[in-house]
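Comments concern the structure below.
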Amino acid sequence: MSTRVLLGFALGIVTSAVPAVAQFSPNQELPLPLVGGQLPVGFVVRGLEPGLRVGPDGAVYVVSIRGVPTGVDLHRHFAPIDGAPAADGTYPFKYLGRPDGCGIFAAGCDVVGVAEGGGDVDIAVNFPASGVPNLALTSLMLVPGVTGTHSTDRGETFTDPNPAAASIPGDDRQWNDAIGAQTVYLSYHDVATFNIDVQRSYNGGQIYADGFGEAIDPQTFPAAGGLPPTNTANLLGPIRVDRSRCASRGNLYQIFVAPNDVTENGSGGSFRSVYVGVSTDVKLGLSVFTFTDHKIFTGPQGANYANVFPALAVDGVGNIYAVWSDNVNVLYSSSTDFGTSWTPATRVNQGATVGNANVFPWVDADANGHVVVAWFGGDRAGHSNNAAIHEPCSNQSTTCMTGWTNWNTYVAETVNGHAATPVFTQSMASDHVIHRGTVSVGGLGGSANRNLGDLFQVAFDPLHRINLAFSDDHKVSPLGPDNGADNPSTRRLIRANFTHQLSASAGIVTKGPCAQGRDDFDDVEGEGQMEQDDDDFGMIGREKPRNGALRYRDRKAGIEVRSSNGISSLTLAGSCATLEGSATVNGYSGYAVRATGCDLGAADTGKDTFSINVTGPNFSYSKAGTVVSGDIRRHY
């Protein structure tokens, strides 16, 4: 494969310091109303699956879901506005309402309690050179899909929710990350193929129409894709963008778990391989970009790493860190070469947690090798879904739950995260038992308890301190029924909790050598506008390994064409390149596309040419012309 080598270096020192056991602020419950809406519709409000981000200005944001269709809730702490921490370190959070709005019924939130999402939520904070950082938020309803909105005043107000932020209808489990002043990325599953679609927004996350790619490349799709729908397919974790000042700045990384190969995918094989999709050509700024996939780890036959989401983080010099769980061990690996190669997997959890149930890992990184991993840990062995082990008493007695498994929140921190053998220090971040019983890792399926949702998040602040938000159900709900605190029939109060490290650990290195890797070399790339002023396109293609992407819009005809699952062929003939493959038209699959771009002159000279032909069920479309604005670049 033809590649370009990118090198970077920043002077620094090396340390072998080991963090002390972290000291945390008292856990604090983030308050919510008990119910949402008045008659005729009312919903019990939950604070599930909290997402957490800390901006470059130190503003802390915690967002949690109520469930579809009741929306999400947002809390913020920004000391200059919301007040200084208390003497014990707790923050005076401000409740900022439901940013995903009340657009389904004209009656509004206060009456009906319905919003344009609540199934999944994620947020991202931009890192501008100056000014107030943009805050992007997405919330999920399976149909029409992802709702997007953003705030430019630290969450005080949000733009009108856009219920079609994802361009493909029918979506699942979206994630966000951001870079610069207004660039935001969105990744999600499209239900039709279960590829991982990635879109870019240049306006802070209101509309994600400024670039797209697919994180599962053509070589990996047979092992991880959802065609046919009986395949095992994949489970995606968060997308992350490199915000370092190194040559890797702007790289995109998408982690996912899937079967090991096409045979396992087609025969119900487990999620025993961990992958990362890497996009380096996203830095070109074109309206299309590609990913190249690498395996991080493959476990033994029968291993399953969907417990629930794998997670990934990038530190301040471009190194990458991945975590996942087999329901017992929290496993960890790192890469210093743009995700191409990875260190052998290391178990992070230590001490009394070893051998017990450990699930929901999350990770963040900053500086140079400063990494924190967080997870939920139970106090006994056995799969977290197994009620016979974790809920041995299931009757309605007032003492039944005293014999159930106790769960706490743990973190492990290292300052040498990219070493061959990183040294972690484990701490318990929860100051009370947060949950008792089973913890479901089966999503909406199965009968295990889902009071903790499917995830929680951890993040460093600008002072390198750990911040943590997690769901908790240790209290009895005032709504009842209250049949005793230890009775399984009692309703639990589900709320997001927050805590933070009181002071940063010693030994953190903020400078050092940049990650060194290779950018993919594309054989053809370009975008522009055709002589018809209502047509524009973007294309990118690579022969080894074969990959590519295409986007074409005819605004007058109301047609948008996108390649689907990469390309099936790339033909290079002199100054021209032809991409062929499957496509979607206006978000719907089942079409074939053939597009040719020819590099016949310099940018904006009107000499390059572009043509496209699309066919499908009772559909045919073609157009050809010169490129009057833009450029096609054929590389040799």
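Numbering (my numbering), first residue to last: 15 to 650. Note that beta-carbon positions come from the ideal geometry of N, C-alpha and C, so glycine has one too.
- One Cα belongs to Glu63, the other to Ala473, and the distance between them is close to 15 Å.
- The stretch 424 to 433 makes contact with the stretch 386 to 395, as at least three CB pairs between them are under 8 Å.
- Using a Cβ distance threshold of 8 Å, Thr161 and Met155 count as a contacting pair.
- Here DSSP, grouped into helix, strand and coil, assigns Val74 to strand.
- In this chain, the alpha helix (DSSP H) harbouring Thr277 covers Val276 to Gly280.
- For the pair Gly580 and Ala138, the Cα-to-Cα distance works out to about 27 Å.
- It is roughly 8 Å from the alpha-carbon of Arg80 to the alpha-carbon of Gly133.
- Per DSSP, Ile95 is one residue of the alpha helix (DSSP H) stretching across Ala93 to Asp96.
- In the DSSP assignment, Ile480 forms a beta bridge with Phe474.
- The shortest CA-to-CA distance from Asp468 to any of Pro113, Val135 and Thr84 is the one to Val135.
- Of the candidates Asp204, Asp329, Pro47 and Thr171, the residue whose Cα lies closest to the Cα of Arg254 is Asp329.
- In this structure Phe208 is in contact with Gly240, their Cβ atoms being roughly 3 Å apart against a cut-off of 8 Å.
- With 16 or more other Cβ atoms inside 10 Å of its own Cβ, Phe352 counts as buried.
- The DSSP-derived three-state label of Leu300 is coil.
- Put simply, the backbone Cα of Ala518 is about 32 Å away from that of Thr171.
- Here Ile646 carries a strand assignment [DSSP, helix/strand/coil].
- Of all C-beta pairs linking the stretch 279 to 286 to the stretch 242 to 252, three or more are shorter than 8 Å, placing the two stretches in contact.
- With contacts defined as CB atoms closer than 8 Å, Pro375 and Val342 fail to qualify as a contacting pair.
- Going by DSSP, Phe226 is part of the beta strand (DSSP E) stretching over Phe226 to Glu228.
- Annotation for His203: the continuous beta strand (DSSP E) segment containing it runs Thr197 to Asp204.
- Each residue's CA atom was taken as its position, placing Asn497 and Thr504 some 5 Å apart.
- Secondary-structure assignment with DSSP links Ser441 through a beta bridge to Val425.
- The residue among Gly620, Ser577, Cys590 and Asp550 with its C-alpha nearest the C-alpha of Tyr602 is Ser577.
- By the Cβ rule, the stretch 300 to 307 counts as touching the stretch 562 to 575, because three or more pairs are nearer than 8 Å.
- Following the DSSP letters along the chain, one finds His164 inside the beta strand (DSSP E) bounded by residues Val160 to Ser165.
- Distance from the Cα of Phe323 is smallest, within the candidate group Gln268, Val490, Ala395 and Thr350, for Gln268.
- Three or more beta-carbon pairs drawn from the stretch 537 to 554 and the stretch 613 to 626 are found closer than 8 Å, and the two stretches are therefore classed as touching.
- Beta-bridge partners assigned by DSSP to Asp136: Thr152.
- Residues Asp537 and Glu557 of the same chain have their beta carbon placed closer than 7 Å to that of Leu586, with the five preceding and five following residues left out of the count.
- A straight line joining the alpha-carbon of His478 with that of His432 spans about 17 Å.
- Here DSSP, grouped into helix, strand and coil, assigns Gly588 to coil.
- One Cα belongs to Cys528, the other to Thr416, and the distance between them is close to 51 Å.
- If you look at His404, you'll find it in the alpha helix (DSSP H) that goes Ala401 to His404.
- For His446, the number of other beta carbons within 10 angstroms of its own is below 16, and it is reported as exposed.
- By DSSP's assignment, Asn561 forms a beta bridge with Arg556.
- In the DSSP assignment, Ala366 falls outside any beta strand (DSSP E) and carries neither an H nor an E.
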